[in-house]
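J.: Just passing along the structure, written as structure tokens.
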Amino acid sequence: MSIKVAMIGAGSIGFTRRLMHDLLAVPEFADTTFAFMDISERNLNMVTELCRRDIDTNKLPARVVPTLNQREAITDADYIICMIRQGGLEAFALDVDIPLKYGVDQCVGDTICAGGIMYAQRTIPVLLNICKDIREVAQPGALFLNYSNPMAMNTWACNKYGGVKTIGLCHGVQHGHQQIADCIDRWAKQEGLLSKDERVTMRDVDIVCAGINHQTWYIKVQWRGMDMIPMMLDLFEAHPVFSKQEKVRIDMIRRTGYYSTESNGHLSEYVPWYRKRVGEIGQWIDLSEWIHGETGGYLRHCTENRNWFETDFPNWMKETPPVIASENRSTEHGSYIIEGIETGRVYRGHFNVINQGHITNLPDGCVIEIPGYVDHNGINMPVVGDLPLACAPTCSASVHVQRLGMEAAVHGDVMLLKQAMLHDPLVGAVCNPEEVWQMADEMLVAQAEWLPNYANEIEAARARLAAHVKDGSRVKLHQTEGAARLHTRTVEEMAEIKSAKGV
């Protein structure tokens, strides 16, 4: 079967190459046409060259067609995969650095909190434009698979205002699933339930996750018919690595009874408890990797990776291309969804969809993340029922922030934007209302070039900021790099580290 897959934001080397390999590992998709689209011609050319080499080496008939024209890429596409970062790393830096001046210390800033809310303001107008092209020139019934954050707000806007069926995809569930399997493996061997040669894999551990993206809870965990939920706290506290790296997630088990999907650094900024006092942040994070809570950690990671790829691209081209095969397929949901729809082979994963009574104690219409099944009939989502009582209010607080932020982006409404930030759990724990109002104005002015939806509001925001300076009413700002900011390494420094490790 021959299908066309449009990849929007294809200059994202990690996602683009991985998802292409995943799809081509399915025998029926060997002659797929991939339309790569990006606004950066340089990045697009590099990724195209790399992916074409992979296809040629694996002797596959697939084609890569690069274009800077979004509508051209989407024309006649059966599936559209989005992985854009609107504003790039320049805007991302503002998402992190401006809130820091107001005391809001984020590790990532791409889901909620001040950074995630602003990220939605930039991204949603672009996604709605993609939806317009899908409606007008894609194949009838084309499916939109969104990987771009902030996942819930983006997926919500596309389904409510874009007129296109949109499924949000994330890999947080898979990562936590692997951690749980590792914990059970270690415990089972200590208890004599496994030999040293045996291993507990993700396939051995049955899970059900439910909640909202990046705040999804493992509400059912079974191994060999045993309910492992009551053991989660002990298993993670006893793990020699996770006990140090996942302190927030472990404390959330202690307070709620359930493990959450997202990383320590991500989770710490979605709730009001762990990053509101600068002096306490250090006790909840680990600096061995950015994902465990470092201030601006994901920004540093992305910056280093971008600089390294741009510098080291010729060496990438000299490497032996990977073998595209089913055993090398990743756990990303995208290729499995397309495989299920096209071939009828059943796939079970966790997807971000509109709540229609699936989680009964979260509002209908919001975006939830729950288990789903895919086959020739499409994507089918079973009813989960109620979230555990301690998990539901945590998710509910974020849902209302997401609703405000999504509506603000769609309508270019400054008041809704400020109300979203005011009600954000961490922002509200750190800032008073006037600080929120001025922070939002400052972020609007700084990011004006990526905010066409606020074109009529930027000058008013700039005037308000100037008036506060003139009359002395501007709130006091913090002079800080954050509680745990690490140095962004240069290409030369990264090369020295790799050389020392013999890489």
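For the record, in the sequence shown the residue sitting at position 435 is 428 according to my numbering, with numbers rising by one throughout.
The beta carbon of each residue, even a glycine, is placed where N, CA and C say it ideally should be.
Since we're looking at a predicted model, the values are computed, not measured.
1) Distance, Cα to Cα, Ile274 vs Lys189?
2) Counting C-beta neighbours from all protein chains within 10 Å, is the total for His259 16 or more, i.e. buried, or is it exposed?
3) As an exercise, report each continuous alpha helix (DSSP H) stretch of at least 4 residues that is fully enclosed by the region 203 to 253, in chain order.
4) Just list the residues that DSSP pairs Ile71 with in beta bridges.
5) Quick one, which of Val339, Thr304, Glu184 has its alpha-carbon nearest Asn36's?
6) Residue range of the beta strand (DSSP E) that Tyr267 falls in?
7) Return the first residue and the last residue of the alpha helix (DSSP H) that Val403 is part of.
8) What's the C-alpha gap between His14 and Thr254?
9) Three Cβ pairs or more, each shorter than 8 Å: is that satisfied between the region 410 to 421 and the region 235 to 254?
10) Report the rounded CA-to-CA distance for Ile317 versus Thr41, giving the unit in angstroms.
11) According to DSSP, is Pro54 helix, strand or coil?
12) Keeping to the same chain, check which residues put their C-beta closer than 6 Å to that of Gln412; ignore five residues upstream and five downstream.
13) Assuming Thr304 is part of the alpha helix (DSSP H), what are its boundary residues?
14) With distance defined between alpha-carbon atoms, name the residue in Ala383, His168, Gln99 nearest to Gly204.
15) From the DSSP output, in three-state form, read off Asp90 for me.
16) Thr9 and Ala18 - do their beta-carbons sit closer together than 8 Å?
17) Starting from Glu362, trace the beta strand (DSSP E) in both directions and tell me its first and last residue.
18) Between His170, Gly333, Glu129, Leu415, which lies nearest to Glu427 when the distance is taken from Cα to Cα?
19) Give me the residue from Gln172, Val119, Tyr211, Ile330 with the minimum Cα distance to Tyr252.
20) Is Val57 near Ile67, with beta carbons less than 8 Å apart?
21) In whole angstroms, what is the alpha-carbon distance linking Lys94 and Ile284?
22) Which residue from Val392, His326, Tyr112 puts its Cα closest to that of Leu138?
23) Where Thr159 and Asp464 are concerned, what is the direct C-alpha to C-alpha distance, given to the nearest angstrom?
24) Comparing alpha-carbon positions, which option in Met30, Thr116, Asp90, Phe27 lies nearest Glu474?
25) Tell me the rounded alpha-carbon separation between Ile278 and Gly109.
26) Rounded to whole angstroms, how far is the Cβ of Met0 from the Cβ of Met30, which I believe are closer than 8 Å?
27) Is it a yes or a no for the region 176 to 195 touching the region 147 to 166, going by three-plus beta-carbon pairs under 8 Å?
28) Using CA atoms only, rank isn't needed, just tell me which of Asp71, Ile73, Asp88 is closest to Gln79.
29) Figure out for me which residue from Tyr340, Leu228, Tyr267 has the closest Cα to the Cα of Gly250.
30) Looking at C-beta atoms only, is the number of pairs between the region 366 to 380 and the region 215 to 224 that lie closer than 8 Å three or more?
31) Going by Cα to Cα distance, which pick from Met432, Met487, Met225, Arg268 is closest to Arg248?
32) Is Cys106 closer than 8 Å to Glu287 when the C-beta atoms are compared?
T.: According to the structure shown:
1) Within the sequence shown, numbered from 1, the residue matching residue 274 stands at position 281. Within the sequence shown, numbered from 1, the residue matching residue 189 stands at position 196. Here the alpha carbons of Lys189 and Ile274 stand approximately 38 Å from one another.
2) Residue 259 sits at position 266 when you count from the first residue of the sequence shown. That one is buried.
3) Here the runs fully enclosed are 225 to 231, 235 to 238, 240 to 249.
4) Reading the sequence shown from its first residue, position 78 is the one you call residue 71. Correcting the residue identity first, residue 71 is Asp in this sequence and not Ile. Asp71 is not bridged to any residue.
5) As a working note, residue 36 is residue 43 in the sequence shown. When each option's Cα is compared against that of Asn36, the closest is Thr304.
6) For the purposes of this step, residue 267 is taken as residue 274 along the sequence shown, with counting starting at 1. Tyr267 -> no beta strand (DSSP E), and no H or E assigned at all.
7) One-based indexing of the sequence shown puts residue 403 at position 410. Val403 -> alpha helix (DSSP H) spans 385 to 404.
8) As a working note, residue 14 is residue 21 in the sequence shown. As a working note, residue 254 is residue 261 in the sequence shown. Cα to Cα, His14 sits roughly 25 Å from Thr254.
9) no
10) Here residue 317 refers to the residue found at position 324 of the sequence shown. Here residue 41 refers to the residue found at position 48 of the sequence shown. Near 16 Å, if we compare the C-alpha coordinates of Thr41 and Ile317.
11) The residue given as residue 54 occupies position 61 in the sequence shown. Coil at Pro54, not helix or strand.
12) Position 419 of the sequence shown, counted from the first residue, corresponds to residue 412. Non-local beta-carbon contacts of Gln412 in its own chain, meaning distances under 6 Å to residues more than five positions away in sequence, involve Leu397 in chain order.
13) As a position in the sequence shown, residue 304 is number 311, starting the count at 1. Per DSSP, Thr304 belongs to the alpha helix (DSSP H) from 290 to 311.
14) Here residue 204 is taken as the residue at index 211 of the sequence shown, counted from 1. Answer by Cα proximity: Ala383.
15) Counting from one through the sequence shown, the residue named residue 90 turns up at place 97. DSSP places Asp90 in helix when its eight states are reduced to three.
16) Locating residue 18 in the sequence shown gives position 25, counting from the first residue. Locating residue 9 in the sequence shown gives position 16, counting from the first residue. The Cβ atoms of Ala18 and Thr9 do not sit closer than 8 Å to each other.
17) Taking the sequence shown and counting its residues from 1, the one referred to as residue 362 is at position 369. Glu362 -> beta strand (DSSP E) spans 360 to 368.
18) Here residue 427 is taken as the residue at index 434 of the sequence shown, counted from 1. Selected option, being the one with the closest Cα: Leu415.
19) Along the sequence shown, one-based indexing puts residue 252 at 259. Nearest option by C-alpha distance: Tyr211.
20) Within the sequence shown, numbered from 1, the residue matching residue 57 stands at position 64. Within the sequence shown, numbered from 1, the residue matching residue 67 stands at position 74. In this structure, Ile67 does not lie closer than 8 Å to Val57 by Cβ.
21) Along the sequence shown, read from residue 1 onward, the residue named residue 94 stands at position 101. Along the sequence shown, read from residue 1 onward, the residue named residue 284 stands at position 291. Those two C-alpha atoms are separated by around 22 Å.
22) The count along the sequence shown starts at 1 and reaches residue 138 at position 145. Looking at the Cα atoms, His326 is the closest of the given residues.
23) Start at 1 with the first residue of the sequence shown, and residue 159 comes out as number 166. Start at 1 with the first residue of the sequence shown, and residue 464 comes out as number 471. Their Cα atoms are separated by approximately 48 Å.
24) Looking up residue 474 in the sequence shown gives position 481. Closest option to Glu474, Cα to Cα, is Asp90.
25) To locate residue 278, count along the sequence shown from 1; it is residue 285. To locate residue 109, count along the sequence shown from 1; it is residue 116. Spanning the two alpha carbons is a distance of roughly 20 Å.
26) Here residue 0 corresponds to residue number 7 of the sequence shown, with the count starting at 1. Here residue 30 corresponds to residue number 37 of the sequence shown, with the count starting at 1. Rounded, the Cβ-Cβ distance is 7 Å, consistent with contact.
27) The region 176 to 195 vs the region 147 to 166: no contact.
28) On the sequence shown, position 86 is the one that residue 79 refers to. Considering only alpha carbons, the answer is Asp88.
29) As a position in the sequence shown, residue 250 is number 257, starting the count at 1. The residue with the shortest Cα to Cα distance from Gly250 is Leu228.
30) no
31) Counting from 1 along the sequence shown, the entry for residue 248 is found at position 255. Out of Met432, Met487, Met225, Arg268, Met225 has the C-alpha closest to the C-alpha of Arg248.
32) Counted from its first residue, the sequence shown places residue 287 at position 294. Counted from its first residue, the sequence shown places residue 106 at position 113. No. Outside cutoff.
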